Each structure stands twice: as C-alpha cells, then as structure tokens.
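Note that the UniProt record's numbering numbers the sequence shown so that position 35 is 35, with each residue one more than the last. Just so you know, even glycine gets a beta-carbon here, dropped at the ideal spot from N, CA and C. None of the values given here were measured: they were computed from a predicted structure. Heads up: the structure comes next, in structure tokens.
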Amino acid sequence: MDQQLAVFVKVAEKQNFSRAAEELHMTQPAVSQYIQALERTMGTTLLERSNKYVRLNKAGEIVYHHAKEILGLYTRMNDLIDDLTNNASGPLSIGASYTFGEYVLPHLIAKMQKKYPLVSPKITIGNTKEIAELILAKQLDVGIVEGHYDNKRLLIEPFANDSMCVVASPQNRLAQTDGVVPIAELEKETWIVRENGSGTREAVDKMFKQYRIAPKKCLEFGSTQLIKEAVEAGLGISLLSDWAIHKELSLGTLHIIKAKDLVIKREFSTVLSSPFQTKALKVFLEIIRENQN
C-alpha cells in the first residue's frame, strides 16, 4: 500500500504518468498498474485523465492529502527504528519563520554539519502559520516559530527571547533627532509591516494595541528582506528583530528609532508534532539550546 501511495502522490504532483515514471525509475505501464490498484482499493477513480493532463478529482484530493501524511509517518517510523542502532544521520526537515530561518538558522546548520556531517537538513522558510500547518501535516520534523503560537495538537517549547526595534532610514526625520522621540511621533509615519500569519506582524499588531499607535498608513510586504530594502529607500519605518538588522546597522543603512517607554520582546519556540525524535532531530534541538545559553 505504501508503494501505491508513493506512486499516486508522484503522479498527482507531476500531473503526468510519463514524468512520474521517469522520476520513480519505473515504466509507465507499471505506474498505471499501481494507480489502478489503488483506485480498486479505494473503490473509486482518483484522477481525471486526458491526452493533455492528469488531475485529481475530489476523491483524489482527499487521498492525496492523507497519503502525504501517511508517507511522512512511515518515513519517520523507519528513521526512528534505524536510529536505535546508528549514529545521528539521515534526512532532517526543518521549517522556520523568516527572521529565524534567514538570519540565525544558517549558522546553526553550519555547526550541526561540522559536528554531524551525516545529517542531511532540508530547510523550508515560511511565516509562523505556514510552518505550524506543515508540522501538523507531518511534512516537517521540526518547526521554529516567532511570537505566541498555541495549538493543543503540537508540542511547543520556547527557547529564546528576541528584542525588536523600530528602524528607519538614516535620512528619516525621526533619525535626525537626538535622543528619545515621543511615541505619538511614530504614528505620523508610514509603517511597513509583514503579512497576517507572520510572527513579526503579530509583534507589530501587539505593539500598536499596547501603545495605542494608529499609523496614518501601512504597507504590507511579504518578507523581512523586502521590508529592510523599503525602509532603507525611505518608504517608511518598521519593527524588526535585532537578529535581522545587524548587518544594516554596521553599514549605517538603517537607524534605530528610540521611542519613549517602548520595549518590544517576543519568544521563539520549537514546534513538534510528536514526542518521538530521531537522533538527527535530537542533536539539532541540542544545538539550538546550546546556542541560546
């Protein structure tokens, strides 16, 4: 059954029997036989076929969704059994929100590779909501998310605090003032914020509410790097993690705006779907915790 599901998933993703057969190193008739066998087992057709395409029908969409989860669990089970007798090795799928994934995770991966070269990490970057959903779907071994996230189906463990700063272009009017600026001055600026579902956006919304800031205008951008470029260009101001702005501060392309009584901190947390861990996952979690001590 697992082979049938693997073949079905590949055909669904490639939308073509020939391309699926090529990637699976099988003949096209063999792929067709696996699909037909699975459809007999399910008692219904799963694919709409024509000379130009192969598409999932409604039943196929249901089977595809669950097949991905089943195959993920099957792979994880094999990895756990292999780990009983072997050193830390094999694949490790890591998901991280943008700030941690782009500015901290690469350094941790380098440390892990130096100490455990047989571990093969695969990195997925997304916002907090996207990473949590992939963990729930068993598509990732571990996730690292920003801010407050709560889900009773997940194992969530805070491991680090992150300070956040209001940043502007050095040419911004607020950057020209000496010392601390009144919070009221911040709402006169255009704010550049992340999309809903992002941990950084959560921190911004929480700050607006806590300090009663009502910006005259907000622009929504989909990545931290894009926001930094926009702020540097003088398009507006933003709230960003200390981790994300080290390079720009050293180069003098961003300036921290100190606002009176404004202190913003948030947590970073690891997210797991199961208490059972491969050795590869265990050593990665150890490296994360060591790095924060």
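> Identify the residues that DSSP records as bridge partners of S120: which are they?
Replying inline: By one-based count along the sequence shown, residue 120 stands at place 120. DSSP lists P91 as partners of S120.
>> Does K216 come out as helix, strand or coil in the three-state DSSP assignment?
In response: In the sequence shown, counting from the first residue as 1, residue 216 sits at position 216. It is coil, neither helix nor strand.
>> Would L140 and G95 be called neighbours here (beta carbons separated by less than 9 Å)?
In response: Here residue 140 refers to the residue found at position 140 of the sequence shown. Here residue 95 refers to the residue found at position 95 of the sequence shown. Result yes, Cβ atoms of L140 and G95 sit closer than 9 Å.
> With 16 other CB atoms within 10 Å as the buried threshold, where does A21 fall?
Replying inline: Position 21 of the sequence shown, counted from the first residue, corresponds to residue 21. That one is buried.
> Looking at C-beta atoms only, is the number of pairs between the region 273-289 and the region 214-223 that lie closer than 8 Å three or more?
Replying inline: no
> Which residue comes first and which comes last in the beta strand (DSSP E) that contains G252?
Replying inline: What you label residue 252 is simply residue 252 of the sequence shown in a count that begins at 1. Here G252 belongs to no beta strand (DSSP E), and DSSP marks it neither H nor E.
> Is S273 helix, strand or coil when you go by DSSP?
Replying inline: Sequence index remark: in the sequence shown, residue 273 carries index 273 (1-based). Three-state DSSP puts S273 in coil, outside helix and strand.
>> Which same chain residues end up closer than 6 Å to K34 when comparing Cβ atoms and leaving out the 5 residues on each side of it in sequence?
In response: Working through the sequence shown from its first residue, we reach residue 34 at position 34. Here the sequence assigns Tyr to residue 34, which means Lys is not the residue at that position. Cβ neighbours of Y34 beyond the five flanking positions: Q4 and V7.
> Are the region 119-133 and the region 241-258 touching by the rule of at least three beta carbon pairs closer than 8 Å?
Replying inline: no
> Helix, strand or coil: how does DSSP classify M112 here?
Replying inline: For the purposes of this step, residue 112 is taken as residue 112 along the sequence shown, with counting starting at 1. If DSSP states are grouped into helix, strand and coil, M112 belongs with the helices.
> Is DSSP giving R55 helix, strand or coil here?
Replying inline: Sequence index remark: in the sequence shown, residue 55 carries index 55 (1-based). Three-state result, R55: strand.
> Identify the residues that DSSP records as bridge partners of I237: which are they?
Replying inline: Within the sequence shown, numbered from 1, the residue matching residue 237 stands at position 237. DSSP lists W191 as partners of I237.
> Hey, how far is the Cα of L136 from the Cα of G179?
Replying inline: Residue mapping note: residue 136 aligns to position 136 of the sequence shown, counting from 1. Residue mapping note: residue 179 aligns to position 179 of the sequence shown, counting from 1. Rounded to the nearest angstrom, the two C-alpha atoms are 46 Å apart.
>> Once DSSP output is grouped into helix, strand and coil, what is the label at L154?
In response: In the sequence shown, counting from the first residue as 1, residue 154 sits at position 154. L154 falls in the coil class under three-state DSSP.
> Taking the runs of the beta strand (DSSP E) that are 3 residues or longer, which of them lie wholly in the UniProt domain "HTH lysR-type" (1-57)?
Replying inline: 47-49 and 54-56
> When we look at the beta-carbon of I62 and count the other beta-carbons within 10 Å, is it buried (16 or more) or exposed?
Replying inline: Counted from its first residue, the sequence shown places residue 62 at position 62. I62 comes out exposed.
> Which stretch, first to last residue, makes up the alpha helix (DSSP H) that contains I183?
Replying inline: In the sequence shown, the residue the question calls residue 183 occupies position 183. Counting along the chain, I183 falls outside any alpha helix (DSSP H), and DSSP gives it neither H nor E.
>> Assuming contact is defined by CB atoms lying nearer than 9 Å, are K265 and D162 in contact in what I supplied?
In response: Position 265 of the sequence shown, counting from 1, holds the residue named residue 265. Position 162 of the sequence shown, counting from 1, holds the residue named residue 162. Result yes, Cβ atoms of K265 and D162 sit closer than 9 Å.
> In three-state DSSP terms, what is A168?
Replying inline: One-based indexing of the sequence shown puts residue 168 at position 168. Correct three-state label for A168: strand.
> Closest to E195 by CA distance: which of G126, H65 and R76 is it?
Replying inline: Translated into positions along the sequence shown, residue 195 becomes position 195. The option with the nearest alpha carbon to E195 is G126.
> Between which two residues does the alpha helix (DSSP H) harbouring V204 extend?
Replying inline: The sequence position of residue 204 within the sequence shown is 204, counting from 1. Run containing V204: G199 to Q210, per the alpha helix (DSSP H) assignment.
> Which first and last residues belong to the alpha helix (DSSP H) in which I131 is found?
Replying inline: For the purposes of this step, residue 131 is taken as residue 131 along the sequence shown, with counting starting at 1. It spans T128 to L136 - the alpha helix (DSSP H) in which I131 sits, taken as one unbroken run.
>> Short of 7 Å in beta carbon distance, which residues of its chain neighbour residue 345, apart from the five on each side in sequence? Order them along the chain.
In response: Coverage of the chain is limited to positions 1 through 293, which leaves residue 345 absent and any answer about it impossible.
> Which whole-angstrom value is the C-beta distance of K216 and L254, which I expect to be below 8 Å?
Replying inline: As a position in the sequence shown, residue 216 is number 216, starting the count at 1. As a position in the sequence shown, residue 254 is number 254, starting the count at 1. The Cβ separation is near 21 Å, so there is no contact.
> Taking Cβ to Cβ, would you say E187 is nearer than 9 Å to G236?
Replying inline: For the purposes of this step, residue 187 is identified with residue 187 of the sequence shown, where counting begins at 1. For the purposes of this step, residue 236 is identified with residue 236 of the sequence shown, where counting begins at 1. Not closer than 9 Å, so no.
> Taking C-alpha atoms, which residue in V167, P182 and S198 lies nearest to E133?
Replying inline: Here the question's residue 133 lines up with position 133 in the sequence shown. The shortest C-alpha separation from E133 is found at S198.
>> Classify R289: buried if its beta carbon has 16 or more other beta carbons within 10 angstroms, exposed otherwise.
In response: Position 289 of the sequence shown holds residue 289. Answer is exposed; the Cβ neighbour count stays below 16.
> Do A203 and G147 come within 9 Å of each other at the CB atom, strictly closer than that value?
Replying inline: Locating residue 147 in the sequence shown gives position 147, where the first residue counts as 1. Locating residue 203 in the sequence shown gives position 203, where the first residue counts as 1. In this structure, A203 lies closer than 9 Å to G147 by Cβ.
>> Between which two residues does the beta strand (DSSP E) holding V145 run?
In response: Here residue 145 refers to the residue found at position 145 of the sequence shown. First-last of the beta strand (DSSP E) with V145: V142 to E146.
> If you follow the alpha helix (DSSP H) that T224 is part of, which residue opens it and which one closes it?
Replying inline: For this step, residue 224 is matched to residue 224 along the sequence shown. Unbroken alpha helix (DSSP H) run through T224: T224 to E232.
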